[in-house]
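Heads up: the structure comes next, in structure tokens.
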Ligand SMILES: Cc1cc2nc3c(=O)[nH]c(=O)nc-3n(C[C@H](O)[C@H](O)[C@H](O)COP(=O)(O)O)c2cc1C
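Shown next as structure tokens:
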């Protein structure tokens, strides 16, 4: 089945992209993912001076299910790429030469300097990459140099920096947003005013994964200490879905959304598409399952389209957005459906009379 979709004029063989991070950290792994069937990849974020980027070990932490040890949340304090820009430029060129039909998106980040952003844009653009993703969202480490989410938290900076890039970019520009903000629409709309054709959401959520009760040290622990890091994997999916739906409903027509956050299988990916994402990105899922997970993504999407009678991937995008409403409207609709008795019977007074777990189950939509 044809799973292709055209987004901002770029034809993606399928909507599944590696999210920026370890899965796209050099040309070898990018090639492996295209061979496995990924439609595209956002490479690990690059900057002009890799010598300023020094990572720590350990830099990951896992939250496991209390029941079966499954990883449900993942924290990282990893920085952007520590590989020299000259090496990256050569690799971008090589990857595009070897895989002309797979989409390669360069994630870029710089300090607050027009000259630096425009130099990086020009250098990377000359390699033939298909699009840019501006990293306005890394929540740790880079913020100490006023980069990443330090920019993404300020709509005026998002607009200004995006406009610097779009002034020299001849290819589409996406801005990747931080969820560590009250209303994701504000910096996103600012980036669109700066010329962004698309918004990628979300990057990781600031977190502390846990505290070791033997040593009393918060984790991940580096020489006895830590910093808050970025939370990803299935635990963040509901927050990401909410933010993607806000963008799906609130961005100007024609602005595209790339959905990210806790996607681990085709079911998750389709949810993001139904809420307005025309492509989806996966980072932690690939780190935990490997690139082969794309087989299930493709099979699951094709089956969903057959079962539901969708003729193209584009038809799915935003299909569930009309079903968002206001709380007042929900009450009105329930009254019209003559189900308001159920609401009346479930008033807060009742909670004392029944076991709280039973009452919770009664009010839950599975
Ligand atoms: C170890 C690790 C490194 C990451 N590095 C980057 C990065 O360099 N640039 C970037 O834009 N996002 C980076 N991210 C964020 C992911 O691309 C993604 O936005 C986030 O993890 C949520 O998606 P997921 O649940 O599929 O991982 C990183 C995530 C992880 C877990």
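Residue numbers (the working numbering): 64 to 429.
Glycine residues also receive a C-beta, built at the ideal position from the N, C-alpha and C atoms.
Which residues DSSP lists as bridging residue 167, in chain order: Beta-bridge annotation (DSSP): residue 167 is paired with 104.
Give me the residue from 422, 163, 117, 124 with the minimum Cα distance to residue 142. 117
For the alpha helix (DSSP H) containing residue 199, name the first residue and the last one. Premise fails: residue 199 is in no alpha helix (DSSP H) and is neither H nor E.
How many whole angstroms separate the CB atoms of residue 171 and residue 190, which I take to be in contact at a CB cut-off of 8 Å? Between residue 190 and residue 171 the Cβ distance is about 12 Å, and since that is not below 8 Å, they are no contact.
Comparing C-alpha positions only, which one of 315, 203, 175, 303 sits nearest to residue 269? 203
Taking only three categories from DSSP, how would you classify residue 312? helix
Using the rule of at least 16 other Cβ atoms within 10 Å of the residue's Cβ for burial, across every protein chain shown, is residue 401 buried or exposed? exposed
Using the three-state DSSP reduction, which class does residue 235 fall into: helix, strand or coil? coil
If we count Cβ pairs, one from each stretch, closer than 8 Å, do we get three or more for the stretch 235-243 versus the stretch 266-280? yes
Once DSSP output is grouped into helix, strand and coil, what is the label at residue 360? In this structure, DSSP gives residue 360 a helical state, which the three-state scheme calls helix.
From residue 247 to residue 322, what does the alpha carbon distance come to, in whole angstroms? 13 Å
Looking at the unbroken alpha helix (DSSP H) that takes in residue 334, where does it start and where does it end? 329-337
Cα-Cα, which of 115, 278, 418 is closest to residue 205? Answer by Cα proximity: 115.
Using 7 Å as the cut-off, classify the Cβ of residue 241 as near or not near the heavy atoms of ligand 1, replying yes or no. no
Is it true that the CB of residue 78 sits closer than 8 Å to the CB of residue 343? yes
Among 86, 124, 99, which has the Cα closest to the Cα of residue 107? Residue 107 has its Cα closest to that of 86, out of 86, 124, 99.
State whether the stretch 355-364 contacts the stretch 295-312, with contact taken as three or more CB pairs (one from each stretch) at a distance under 8 Å. no
Between which two residues does the beta strand (DSSP E) carrying residue 80 extend? 79-81
Pairwise C-alpha distance: residue 272 and residue 291: 8 Å
Is it a yes or a no for the stretch 186-200 touching the stretch 228-238, going by three-plus beta-carbon pairs under 8 Å? yes
heavy atom of ligand 1 below 7 Å from residue 215 C-beta: No.
In its own chain, which residues sit with a C-beta less than 8 Å from the C-beta of residue 274, not counting the 5 before and 5 after it? 280, 281, 282
Endpoints, alpha helix (DSSP H) assigned at residue 155: Bounds of the alpha helix (DSSP H) holding residue 155 are 148-161.
Among 276, 287, 347, which one has its Cα closest to the Cα of residue 294? 347
Would you say residue 148 touches ligand 1, meaning its beta carbon is less than 7 Å from a heavy atom? no
Kindly provide the ranges of any alpha helix (DSSP H) runs that are 4 or more residues long and lie completely inside the stretch 82-140, ordered along the chain. 90-99
Classification of residue 331 by the beta-carbon crowding that lies within 10 angstroms, buried from 16 upward: buried
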